[in-house]
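Worksheet for the structure shown next.
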Amino acid sequence: MRASQKSKWERTRSKGKKHFLIYNGVIGWGIPTAIIFTFLTEFLENNYSSTFDTSFIMTLLKTLIIFPVCGYFWGLWVWKWTEKIYKKSL
1 MRASQKSKWE RTRSKGKKHF LIYNGVIGWG IPTAIIFTFL TEFLENNYSS TFDTSFIMTL
61 LKTLIIFPVC GYFWGLWVWK WTEKIYKKSL
């Protein structure tokens with residue numbers, strides 16, 4: 001881990017694991033991924049046209065539950081991986 005990466009991780013780390021999981025995992029990855037996935041899926045399944053019908057709303061609601069949960073676990077994995085690298089660099 002380079003000095004700049006180490007410094008950045010120390011700032012991130014000082015905010016805490018919970019903050020990292022919520023802002024980087026759930027909000028930073030889960031919600032945007034859910035929205036992009038829903039729009040792309042609906043766009044491709046409807047012959048490249050967008051229709052905001054009940055199917056779209058239901059898909060969006062499902063993905064806004066599933067992807068943020070996955071984002072939490074993704075954030076947890078990233079936290080553990082980065083902590084491991086950080087501790088090796090000390």
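Each residue of the sequence shown is one higher than the one before, starting from 1 at the first, in full-length UniProt numbering.
In this text, a Cβ means the ideal position worked out from N, Cα and C, and glycines have one as well.
- Below 8 Å, too few C-beta pairs join the stretch 35-44 and the stretch 80-88 to call them touching: fewer than three.
- Not a single unbroken stretch of the beta strand (DSSP E) spanning 3 or more residues falls wholly within the stretch 37-64.
- Residue environment for LEU61: exposed (fewer than 16 other C-beta atoms within 10 angstroms of its C-beta).
- Annotation for ARG11: the continuous alpha helix (DSSP H) segment containing it runs 3-15.
- In its own chain, leaving out the 5 sequence neighbours on each side, no residue places its CB closer than 7 Å to the CB of GLU10.
- The criterion of a C-beta distance shorter than 9 Å is not satisfied by GLY16 and GLY71.
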